[in-house]
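Per this note's numbering, residue 325 is the first one in the sequence shown, and the count goes up by one each step.
Virtual Cβ for every residue (Gly too), placed ideally from N, Cα, C.
Report on one structure; see the data block that follows.
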Amino acid sequence: MPAMPEGCRQGILDGLYRLDEAPEGDGPGIRLLGSGPMLPRARSAAVALHENHGIRAEVWSATSYTQLRRQALETDRWNLMHPESKPRVSRVCELLDGSSDPVIAVTDFMRQLPDMVRPWVSAPWTSLGTDGFGRSDTREQLRGFFETDQAFIEIAALAALARNDTIAPEVVQSAIERHGIDPETPPPWLR
325 MPAMPEGCRQ GILDGLYRLD EAPEGDGPGI RLLGSGPMLP RARSAAVALH ENHGIRAEVW
385 SATSYTQLRR QALETDRWNL MHPESKPRVS RVCELLDGSS DPVIAVTDFM RQLPDMVRPW
445 VSAPWTSLGT DGFGRSDTRE QLRGFFETDQ AFIEIAALAA LARNDTIAPE VVQSAIERHG
505 IDPETPPPWL R
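And the structure:
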């Protein structure tokens, strides 16, 4: 478990805080959101993205997508009921909506969990989660099966940047090949 960064207590309670700043440099940016046991994988993917591709990744700890959504809904309702007042900004918008850098949200739950806050973030968003049928195997094997391991976080980040025309699609293809992933494998929920 990483040490608690200074000043992050409120972010933990709110549901999201930045754990690692993006490295200095001129490379493209990406934001990786990891929750629970997926946080170390997001951190290792951030290192791999920087070392292998020059991509600068911020790493965020998502402690509660439910709390982020609840607070965003409360903010939306307040704005609805106070049309003559200056609109309030939800916590998730305050933290993630100021940048166009893509967001990759990875969880050990189904993708719909991080997707609960997707409507409040205007940047490109990709969720990785354990959608599919129950399995019995080692944790690392299961993360590979459900496409939530470091390799898939890296590939999802590269694909998001390629869709934004920030990097060439060949970079994504090269990473898929380097990690030995068969692109024709059906998604986990169909296996």
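Query: With DSSP as the reference, label E501 as helix, strand or coil.; Result: helix
Query: If you run the structure through DSSP and keep just helix, strand and coil, what is S368?; Result: helix
Query: Could you check where the beta strand (DSSP E) with D344 kicks off and where it finishes?; Result: 340-344
Query: For the alpha helix (DSSP H) containing W402, list its first residue and its last residue.; Result: 389-405
Query: Check whether the region 365-378 touches the region 338-351, taking contact to mean three or more Cβ pairs, one atom from each stretch, closer than 8 angstroms.; Result: yes
Query: Is the region 468-478 in contact with the region 439-454, if contact means three or more CB pairs nearer than 8 angstroms?; Result: yes
Query: Rank E418, R380, P443 by C-alpha distance to the C-alpha of Y341 and give the top, closest one.; Result: E418
Query: Excluding the 5 residues flanking G351 on each side, which residues of the same chain have their C-beta closer than 6 angstroms to its C-beta?; Result: G378, I379, R380
Query: Just to confirm my understanding: we take R467, look at its own chain, exclude 5 residues before and 5 after, and list those with CB closer than 6 angstroms. What are they?; Result: D473
Query: What are the uninterrupted segments assigned as beta strand (DSSP E) that are 3 or more residues long and contained completely in the region 429-490, given in chain order?; Result: 449-452
Query: Where does I379 fall in DSSP's three states?; Result: coil
Query: Nearest to L337 by CA position, among A484, V416, P507, is which residue?; Result: V416
Query: Please return the same chain residues whose Cβ sits closer than 7 angstroms to the Cβ of E478, not counting the five positions on each side in sequence.; Result: A369, A372, L373, A499
Query: Taking the alpha carbon of P511 as the point to measure from, which residue in F457, T490, E494 has its own alpha carbon closest?; Result: F457
Query: Alpha carbon to alpha carbon, how far is P507 from P411? Give it in angstroms, no decimals.; Result: 45 angstroms
Query: Using the beta-carbon count (16 or more within 10 Å), is G339 buried or exposed?; Result: buried
Query: Using only alpha-carbon positions, find the residue among A429, V413, D421, V445 that is nearest to T387.; Result: A429
Query: Give the secondary structure of G351 by DSSP, where H, G and I count as helix, E and B as strand, and everything else as coil.; Result: coil
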